[in-house]
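Taking the working numbering, the leading residue of the sequence shown gets 616, the next gets one more, and so forth.
All residues carry an ideal CB built from backbone N, CA and C; glycine is no exception.
Reading through the structure tokens given below for one structure.
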Amino acid sequence: MTDEDARRERYAVALYSTLGFSAERHPWTGLSPARREVWYQRADAAMAVADEEIAERLNAEGE
616 MTDEDARRER YAVALYSTLG FSAERHPWTG LSPARREVWY QRADAAMAVA
666 DEEIAERLNA EGE
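Structure below.
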């Protein structure tokens, strides 16, 4: 697994865990690949926002 894949997995699991009780009843490891893909897509979106914010902050510090 690449660093980017590991990061994507961490984000997806973190987002999934926000479901609370539902996530406890249906652990991540038991989700079907199709259901995981939904969370991976959400993770991709969250990572894009985070990366954008980091880039903006770094650019602001460099000015």
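- A627 sits buried, since 16 or more C-beta atoms from the chains shown fall within 10 Å of its C-beta.
- Relative to the Cα of L630, the nearest Cα in the group E678, W654, F636 and R640 belongs to W654.
- For the 9 angstroms CB-CB criterion, D659 and R623 form a contact.
- One Cα belongs to A663, the other to A670, and the distance between them is close to 10 angstroms.
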